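Those sequence lines, one after another, are chains A and B. The working numbering puts the first residue of the first sequence at 1, with every later residue one more than the last. The working numbering puts the first residue of the second sequence at 147, with every later residue one more than the last. Virtual Cβ for every residue (Gly too), placed ideally from N, Cα, C. Bear in mind that the values here come from a model prediction, so they are computed numbers and not experimental data. This report concerns only the one structure given below.
2 protein chains.
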Amino acid sequence: MHTETDRDDAAARLRAAGLKVTAPRLAVLDAVSGHGHLDAEAVLSRVTVALPGTSLQSVYNVLGALTDAGLLRRIEPAESPALYESRTGDNHHHVVCTRCHAVADVDCVVGEPPCLAPSDAAGFAIHTAEVTFWGLCADCQRELAG
Amino acid sequence: MHTETDRDDAAARLRAAGLKVTAPRLAVLDAVSGHGHLDAEAVLSRVTVALPGTSLQSVYNVLGALTDAGLLRRIEPAESPALYESRTGDNHHHVVCTRCHAVADVDCVVGEPPCLAPSDAAGFAIHTAEVTFWGLCADCQRELAG
DNA sequence: CAGTTGTTTTGAGTAATTCAAAACAACTCC
DNA sequence: GGAGTTGTTTTGAATTACTCAAAACAACTG
Numbered sequence: 001m002h003t004e005t006d007r008d009d010a011a012a013r014l015r016a017a018g019l020k021v022t023a024p025r026l027a028v029l030d031a032v033s034g035h036g037h038l039d040a041e042a043v044l045s046r047v048t049v050a051l052p053g054t055s056l057q058s059v060y061n062v063l064g065a066l067t068d069a070g071l072l073r074r075i076e077p078a079e080s081p082a083l084y085e086s087r088t089g090d091n092h093h094h095v096v097c098t099r100c101h102a103v104a105d106v107d108c109v110v111g112e113p114p115c116l117a118p119s120d121a122a123g124f125a126i127h128t129a130e131v132t133f134w135g136l137c138a139d140c141q142r143e144l145a146g
Numbered sequence: 147m148h149t150e151t152d153r154d155d156a157a158a159r160l161r162a163a164g165l166k167v168t169a170p171r172l173a174v175l176d177a178v179s180g181h182g183h184l185d186a187e188a189v190l191s192r193v194t195v196a197l198p199g200t201s202l203q204s205v206y207n208v209l210g211a212l213t214d215a216g217l218l219r220r221i222e223p224a225e226s227p228a229l230y231e232s233r234t235g236d237n238h239h240h241v242v243c244t245r246c247h248a249v250a251d252v253d254c255v256v257g258e259p260p261c262l263a264p265s266d267a268a269g270f271a272i273h274t275a276e277v278t279f280w281g282l283c284a285d286c287q288r289e290l291a292g
């Protein structure tokens, strides 16, 4: 499901970010890529398949390094542990289910990033606008209706 | 700084919410009202002045009850513990300082609440849009410039 | 003012994450 | 291609913010 080239790409991106290329980093990158929004535990269980023996602490280290490097994005919705996703650089937003905490992406609401600018910002120099929508996901709507 | 009437109002609002009127609840309400965005520890230290011996656990209980009742609003910005404010019901937003975590209010950006509606919401039935701006507060701008 | 029910306290427990030091592996340079 | 340096991973412990549970207590009801 993932090619030789994928791994080379990942290695190149790590190097470009000034990070050493290591097995745990490749494994984490692969675990998160295209798999939605994962917390550290979920990343660990995916990583463990490819690289048994990896510690949770390493997963935290790697997730932190990759996030700082801009290769992953971290979101922290209320009531959830930190979640990581591979879609970076486009300032998209999120919908979170108030019942089961499922998360989905939402494209930028008002044109280009940063999407929104407050009129009065209390003297803050703003660089990011983060939008979180809250609602019921399709599954939970169904369960509550049924 | 707070009148007899303030306390009566607070008691009335508690009763209206179906909650018993107790000293810790009045003290917490008073501690949070008009004092920005406080975490549980900060609430405790303010409460302790008026009501020594109050436990942190009680502060958590009270903050939870008051939030559920809609008398307080809870926000949970990334990297900060939960913060409580007395301004409820107007769906205003927040700016958070990326350096010192100071928080300020921002009025609703695009007209009336809920302010925003995503075009595609991945099947979610959305009821709230939460906006968090990130930037440098005035103090931190000054310190970095100086 | 006695009873009931909800609240507060005390004390312990948990989840998610961070800190620190030692073992180890990737890249650099010869 | 092997030694050295530096960054990474592991192991183990600690911390923060918060929740759970049971007993002591206080607010409202009649």
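Cutoff 7 Å: residue i Cβ touching any chain B Cβ
i: V131(A); result: yes
i: C100(A); result: no
i: A23(A); result: no
i: G64(A); result: no
i: G89(A); result: no
i: V32(A); result: no
i: V106(A); result: yes
i: V95(A); result: yes
C-alpha distance - residue i paired with residue j, whole-angstrom precision
i: I221(B); j: D152(B); result: 25 Å
i: R15(A); j: V21(A); result: 7 Å
i: L19(A); j: A177(B); result: 47 Å
i: R46(A); j: G34(A); result: 12 Å
i: G137(B); j: D8(A); result: Here chain B has residues from 147 to 292 only, and residue 137(B) is not among them.
i: A121(A); j: D253(B); result: 9 Å
i: I126(A); j: G53(A); result: 42 Å
Cβ pair residue i, residue j closer than 7 Å
i: E85(A); j: R73(A); result: yes
i: A150(A); j: L51(A); result: Missing from the structure shown is residue 150(A); chain A here goes from 1 to 146 and no further.
i: V205(B); j: A186(B); result: yes
i: A156(B); j: L184(B); result: no
i: P77(A); j: T132(A); result: yes
Per-residue burial, residue i [other beta carbons within 10 Å of its own, 16 or more giving buried]
i: G79(A); result: Sequence inspection shows Glu at residue 79(A); the Gly mentioned does not correspond to that position. That one is exposed.
i: E276(B); result: buried
i: L212(B); result: buried
i: P102(A); result: Residue identity differs from the one stated: residue 102(A) is Ala in this sequence, not Pro. Buried: at least 16 other Cβ atoms inside 10 Å.
Below-7 Å beta-carbon distance, residue i vs any chain A residue
i: P227(B); result: no
i: E222(B); result: yes
i: H238(B); result: no
i: G269(B); result: yes
*Three or more beta-carbon pairs under 8 Å between the segment 133-146 of chain A and the segment 87-98 of chain A, yes or no?*
yes
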